[in-house]
Amino acid sequence: MKNLRLKAARAGLDMSQQDLADKVGVSRQTINAIEKGDYNPTINLCRAICKALGKTLDELFWEE
Amino acid sequence: MKGRVRFALCLFSAALITLFLYILIHESGHMIVMLSAGATITEFSIFGAHVSRKTAGSDPLVSIWVLLIILFLLVLTIFLSGLNKKEDYDERQRLERGKAYGLGFFTIMGSVFLAIAIDLLELLPVQGYVLCAASIFPGLMAFLAYSIWHEAYFSLKDKTGALLGMFGIIGAINLIIAVASICDGSMIVNGRLGLNALNAACAVMFIEIFVVVLMKKISTAKETDEEDED
């Protein structure tokens, strides 16, 4: 399932996938895979992404 | 029950492959020393576990230098790999590399069994040791193709350009050697495909790397364009 909230949060800060990947310490393809729903990140990666985007886990990763 | 049977089969297959690879590497070591001393290999057997040679004037000094060079490269490799203990792959890459290794392993299993069948039934005119070494290539190529496509081959800190340049040089050298040996007839030894066939196999493997990297670049560029449009 696509993670559109992550994509929107990233776009809101005018960050490319590569920018977010560099900030979090993963590859661009990993960020792309998370946004497309092809990969479920571990809790540590989720927390790192939330910290980079200034959002909470619920805001980015909780399924409604 | 199904799980146990599967486990037992995997264990048996792994043991068979390990035994095969162990004998291959061991006898290949003998073969390298013999070749470096100027001997001609007349027979290479895996399950017979022996290598036969025809000595035509050997030079022990040459073999000592070759062994020293191999030893130096081995020690250098171990030393350099020990320096970089930190994992440079992210969690998704490590997962994909695991899948790639699995794919490579099962591909090697298939190609080794095929090589054994070809050798036992004499289906192709190929030297035994060439067939054994060549059977590893499909597994390597499967691993490379999968890991490159899922962007799990090059680590986060690899200098991709430099590595590709090095692969290009090695691939080109192997291609030149293979083509030269076809032209001068040294590819065929005693009516069977000889050691130079492995240069051709190496060249194919490195060409595959470039093809997959290129296809991935095109696919990634397309994804980036779509992302920019959004």
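Protein sequences, first through last, are from chains A and W. The numbers in this note's numbering rise by one with no breaks, and the one at position 7 of the first sequence is 7. Offset between the second sequence (1-based) and this note's numbering: plus 1000. Think of the CB as a built atom: it goes at the ideal place given N, C-alpha and C, for glycine as much as any other residue.
Between which residues of its own chain and residue i is the CB-CB distance below 7 Å, once the five residues before and five after are set aside?
i         : result
Met1/A    : Gly37
Ser27/A   : Ala21
Leu1131/W : Ala1115, Ile1118, Asp1119
Tyr1101/W : Phe1143
Arg1097/W : Tyr1089, Ser1147, Ala1152
Lys1157/W : Asp1088
Ile1136/W : Ile1108
Leu1024/W : Ile1046, Cys1132
Arg5/A    : Glu59, Leu60
Pro1125/W : Gly1191, Arg1192, Leu1193
Thr1220/W : none
Thr1160/W : Phe1154
Val1112/W : Ile1017, Phe1020, Ser1135
Ala1015/W : none
Since residue i meets chain W, which of its residues come closer than 7 Å, beta carbon to beta carbon?
i       : result
Ala33/A : Arg1092
Leu45/A : Glu1091
Could you work out which residues of chain W lie near residue i, taking near to mean beta carbons separated by less than 8 Å?
i       : result
Leu57/A : In chain order: nothing, as chain W lies at least about 17 Å away.
According to DSSP, what are the bridge partners of residue i?
i         : result
Val1051/W : Phe1044/W
Val1126/W : Leu1193/W
By Cβ distance below 6 Å, which residues in the same chain neighbour residue i in space, the five residues on each side in sequence not counted?
i         : result
Leu1103/W : Ala1142, Tyr1146
Ser1028/W : none
Ile1204/W : Checking the sequence, you will find Val at residue 1204/W rather than Ile. Excluding sequence neighbours, Val1204/W sits near nothing in its chain.
Phe1167/W : Phe1206, Ile1209
Arg10/A   : Leu20
Phe1044/W : Val1051, Gly1128, Tyr1129
Ile48/A   : Note on identity: in this sequence residue 48/A is Ala, with Ile being the wrong assignment. Closer than 6 Å at Cβ, skipping near neighbours: Val24.
His1030/W : Val1051
Asn1139/W : For the record, residue 1139/W in the displayed sequence is Gly; it is not Asn. Only Gly1104, Thr1107, Ile1108 meet the Cβ criterion.
Ser1181/W : Met1187, Asn1196
Residue i versus chain A: which residues are under 7 Å apart at the beta carbon?
i         : result
Glu1223/W : Asn32
Apart from the five residues on each side of it in sequence, which residues of its chain come closer than 8 Å, Cβ to Cβ, to residue i?
i         : result
Ala8/A    : none
Gly1003/W : none
Val1189/W : Gln1127, Leu1195
Asn1174/W : Asn1199, Ala1200, Cys1202, Ala1203, Phe1206
Glu63/A   : Met1
Could you check whether the Cβ of residue i sits closer than 7 Å to any heavy atom belonging to the ligand NAD?
i       : result
Ile49/A : The ligand content of the structure shown is nil, which means the ligand NAD is not present either.
Which whole runs of the alpha helix (DSSP H) in the stretch 37-61 of chain A are 4 residues long or more, in chain order? Listed in chain order, the complete alpha helix (DSSP H) runs (minimum 4 residues) inside the stretch 37-61 of chain A are 43-53, 57-61.
Proximal residues, the stretch 1130-1157 of chain W versus chain A, C-beta separation under 8 Å: So the close ones are His1150, Glu1151, Leu1156.
Going residue by residue through the stretch 1150-1227 of chain W, where are the continuous alpha helix (DSSP H) segments of at least 4 residues, counting only ones entirely within it? Counting only runs of 4 or more, we get 1160-1183.
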